[in-house]
Ligand SMILES: Cc1ncc(C[n+]2csc(CCOP(=O)(O)OP(=O)(O)O)c2C)c(N)n1
Ligand SMILES: Cc1ncc(C[n+]2csc(CCOP(=O)(O)OP(=O)(O)O)c2C)c(N)n1
Ligand SMILES: [Mg+2]
Ligand SMILES: [Mg+2]
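Protein chains in written order, with my numbering: chain A, 1 to 325; chain B, 326 to 650; chain C, 651 to 974; chain D, 975 to 1298.
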């Protein structure tokens, strides 16, 4: 498969760096979770990196996104600080949420990342409010809702697509169709294979793209951003992709999916695809890749070191921030 | 406009009788409400009678329906007892709900009428459960959800259409599009004028019919019933119609709608249309109509008399039926 | 002083705040005509019937610097938005480590009296009290309404304005000048020495009538109107009970795990107050049933001045606890 | 006697009932493998992530003669279905004049301890207690779990099974024979004479540990496990307090308008019990905050055996109320 784009080689290498950062961050998070240094629950995005990076590359600094329970990729693609992310996973005072949120609740409003969310479809309405805010601000901002195939069956999906369409909100709804909601296959719970088919009911474009092709994702997102910025209203983009790991990181949890299916998708690795593309263009060689990998790894090591060096919150901080002043 | 049907003249006259019953019942309910004999809130269906009657005529005794806050028409079309309906409105012990429900909560599970409902879209999932029950029973029963254009924007509409489609439930979703949700025009809240356009997103038929043409409604419903009974799954039928009266009966409540619009729709009176049709066929003359009207009025008077003669509940009955034995 | 209705007081507060702060906007399933007329469709939005969605939209807009007013109208309609209320609005500031604020006013009418049956006659405020992260109030007068709504709109947190259906048309004095009433400050609506009645909304007025009646017999009733449910003014409640030694709680909601239970606990867990308590606490509440339609039944369910009087007599007649 | 975990006991009860009654079917967002294996896809349905819809579907199927089990899994996921729970399931039997029954079992895990932060660590049962028309229980042992689930499945009303996340893997004896435990019957998990601890779920075990500890000092603690929240066994609670004269309530939920408030009210509004009460009531609850993620913080929020001990000491040290 040949990917096509008119993004500059620098931009393409930056996308590779981001995708690699997501992957290495989560490999580490998974290992540290299993080692007991990270608590609660961790959902990995590995295999789906092209979606977050393809979409966020099409956004500007004032644009806003919201994420799901599977949030690390969106955070990183929107430019979140690895140190504060890792510190949050480690439950430290220096984390994004001062140790109150953990993996399912990382947010950075400063960069327009309105949060991961532990409730399936819980973020869709909130980020639609960011779309409304952008419209009221009148500065051309857009807002992006990331959500899964599972979430696309929930009420807020419908309610918000209709509102965004009726009010012509500058919204992009990005369905990450990884074919499963936890253990349940989308084929069992969706009347049709394409979530994008639902867009027509709201009179908005519904686009299906190969979610492992970062340029295809980027191109669809760019079109939707243009449309949204120019007052054309929302777009639904469905990215067909796959998660490599189990629904959550957990010791000994069986993965009910067909192993052949998992392997087939691994052969469509979005990172390998992008890497090969850059090589084919003559824009990446071994030393170049090593440099990128090296940068990613040292940022990650620094993040882990930062987290480990950071203090835990104090017990009395449990009562801070229930209410704002 | 010429209506077309292959229903027998007797059946057609019976439909006229039902539609007239709904209208006269509500005229009386409205008057008695304003006279203080009926309490709380009353939503009138006048102008939309062809929808309930057209659909219910296509159903059998074991089929089930659910209604909305605007429920009298569905009750009557499904064969509810006028005495117990009126007694319920009068708040009497002999009412369908023993005086506990009132206009918004009349139900008769014995005839497959699963209740009016005070929550917009609140009934859609419940009756989808009746559709599931019918499927599990395996006796060819179907279930019908009546709901408004307003309700079609709410989450349960989407969740249930998808489930019904994915599970191939014997369901018919009947949207009564009267162009308003309380004071708000559908044009303000819907991205597209046709609710039926949403059906495609679930891979099911979406049909638009003239909701004031009882035969058109009946025909669409019959097709959907056949499809449902034969395991073909759900159908969405949108009936374009109009309510003649204000959203609720209330003294001095302004109706924000354009009076010319109201008048135009009154000229499309579904009852007058059916009457004319029967006359044109030579199946109804003045005495025939008077006989039907007479029958309707005496049943109605009997219902009022029954209600007035019935005792109010006793105060101590307030604590009955919180839990079933 | 001029008089406004309870409902007019709310609308006046909102209109004044909207004039003051362009970041405030209003959402409900029907646009309120006076607000729509003054502020236009951009700031007074008629939404589809999607309380879940537009509550969430409010949260998002709040996090982006706006100050939404989300009007659920009758409280019963907000149950479809419960996830956005409980899982998002209440927790988002805390969960994200306080990085931004979410100033929002939610409005919801509560209570019975309208003969509109179980779904439309609810008083579920204690369900929200139980959720950490929400402030809320329930005023009994137009004056309190206006002052509390203004404070709530200026507050940087989600605040629920519960508004009594029975009181909507009730008139009372409201000054012309701008004023606010702090959240968390109870108001002693009548001073007395024999028994404390903690009452909410409509039952404040019923309690006042009961007190008038009992005054004829020389019984002196103190009436505490908490006004705010969260934060609750425990001090005023406790010090009143320390003075009178007796407590009746009058609430239009059912008792179980209700506001009334919380007040009973607040009083009986405080050592100094418990020490002065001369009689069992008494809850005068709705029966614990869904609210029925028929007037005879609805009447049987709700408390009123007579039941408050009976409750007061009960605590006055109660034996002192046996000195153990 | 053989031992099962708390979770296994629930599943065994369900499987036995499903074998007995073909009208029972199960819905949740992922099909539970052992049930799916035994009963197949027709009776064990994996639903889309639509708790609102499949709760409503359960209500409709119940009204048509089936006996659905609706598994929300974590309680937090049922807030999207709150309309169906509060406005429909709880009221439908009453509102329709009792014409048909709606037998349903809802399942929801509650509580903290998993370091899964605010949304996934909730204990909101009192929100449901406040709603008239719902029965509910929260067991502390595998034995109680199995007996209560069986009763609930056979009950003709909506019943919520709240299940403690912390106890899922905890083992305990469960007899082989069929047995049921009536709803509304508390269990005295330990007899004692100095103080009554009313505790729920995990805190029953913490209270038992606290009692063991205090027994060494000669302090005799009675532990009442209500098991059922609605209907609440007021008699057992009150008679225990009449015996001991002192009450501590231990609950993993926050206090405000919580289960703990209800128990405080139930005890202090009863004249005979109030007369014997020698000390203020004491609530040992979670802090009234959303539940934080980090272990240090989560620990700071939840009550445990040490806080129960401190609570017991507090009520033991309390001065008797001054005879007025
Ligand atoms: C309302 C709700 N119900 C159930 C869950 C439990 N849950 C967490 S993730 C998940 C699956 C989500 O699937 P999808 O939306 O496709 O996202 P993916 O995990 O595939 O990225 C489920 C059922 C939840 N978090 N929220
Ligand atoms: C969840 C919810 N929100 C708001 C309301 C108040 N309400 C009652 S009827 C109605 C309009 C319903 O419009 P539609 O569904 O089109 O039905 P119609 O009245 O036109 O028959 C509204 C907003 C409600 N009952 N339930
Ligand atoms: Mg998925
Ligand atoms: Mg309508």
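In this text, a Cβ means the ideal position worked out from N, Cα and C, and glycines have one as well.
For clarity, every value in this text was computed on a predicted model and none was experimentally measured.
Who are the Cβ neighbours of residue i in its own chain at under 6 Å, not counting the five residues just before and after it?
i                      : result
residue 937 of chain C : 951
residue 506 of chain B : 475
residue 930 of chain D : Nothing can be reported for residue 930 of chain D: it is not among the residues displayed for chain D, which extend from 975 to 1298.
residue 284 of chain A : 278
residue 870 of chain C : 842, 843, 844
residue 616 of chain B : none
Let me make sure I understand the geometry here. Which of the options has the alpha-carbon closest to that of residue i?
i                       : options                        : result
residue 1145 of chain D : D:1155, D:1179, D:1167, D:1173 : D:1179
residue 378 of chain B  : B:389, B:398, B:372            : B:398
residue 1289 of chain D : C:959, C:935, C:919            : C:919
residue 688 of chain C  : C:678, C:666, C:673            : C:666
residue 456 of chain B  : D:1085, D:1036, D:1139         : D:1036
residue 158 of chain A  : A:25, A:225, A:272, A:198      : A:198
residue 891 of chain C  : C:968, C:848, C:702, C:904     : C:848
residue 622 of chain B  : B:369, B:642, B:407            : B:407
residue 178 of chain A  : A:17, A:227, A:212             : A:212
residue 568 of chain B  : B:473, B:435, B:387            : B:473
Quick check: is the beta carbon of residue i nearer than 9 Å to any beta carbon in chain C?
i                       : result
residue 568 of chain B  : no
residue 444 of chain B  : yes
residue 1040 of chain D : no
residue 229 of chain A  : no
residue 137 of chain A  : yes
Based on DSSP bridge pairs, tell me the residues matched to residue i.
i                       : result
residue 442 of chain B  : DSSP output for residue 442 of chain B lists no bridge partner at all.
residue 724 of chain C  : C:759
residue 1131 of chain D : Per DSSP, none; premise fails for residue 1131 of chain D.
residue 1002 of chain D : D:1020
Please report whether the beta-carbon of residue i lies at a distance below 9 Å from any beta-carbon of chain D.
i                      : result
residue 199 of chain A : no
residue 190 of chain A : yes
residue 626 of chain B : no
residue 484 of chain B : yes
Starting from residue i, trace the beta strand (DSSP E) both ways and give me its first and last residue.
i                      : result
residue 471 of chain B : 468-473
residue 380 of chain B : Careful: residue 380 of chain B lies outside any beta strand (DSSP E), inside the alpha helix (DSSP H) at 374-381.
residue 653 of chain C : 653-655
Might you give, ordered along the chain, the residues of its own chain that have their beta carbon closer than 7 Å to the beta carbon of residue i, omitting 5 neighbours on each side?
i                      : result
residue 87 of chain A  : 94, 95, 306, 307, 310
residue 832 of chain C : 801
Skipping 5 residues on each side, what residues in its chain have a beta carbon closer than 8 Å to that of residue i?
i                       : result
residue 941 of chain D  : Beyond the ends of chain D as shown, which are 975 and 1298, falls residue 941 of chain D; an answer cannot be given.
residue 818 of chain C  : 655, 656, 657, 759
residue 1283 of chain D : 1184, 1187, 1188
residue 1153 of chain D : 1120, 1121, 1124
Could you tell me the boundaries of the alpha helix (DSSP H) in which residue i lies?
i                      : result
residue 553 of chain B : 539-554
residue 175 of chain A : It is not in any alpha helix (DSSP H) - residue 175 of chain A instead sits in the beta strand (DSSP E) that spans 171-177.
residue 887 of chain C : 884-894
residue 818 of chain C : Careful: residue 818 of chain C lies outside any alpha helix (DSSP H) and carries neither H nor E.
Would you say residue i reaches chain B, if we count a Cβ-Cβ gap shorter than 9 Å as a contact?
i                       : result
residue 1156 of chain D : no
residue 165 of chain A  : yes
residue 202 of chain A  : yes
residue 726 of chain C  : yes
Mind checking if residue i is an interface residue toward chain A, Cβ cutoff 9 Å exclusive?
i                       : result
residue 785 of chain C  : yes
residue 1268 of chain D : yes
residue 780 of chain C  : no
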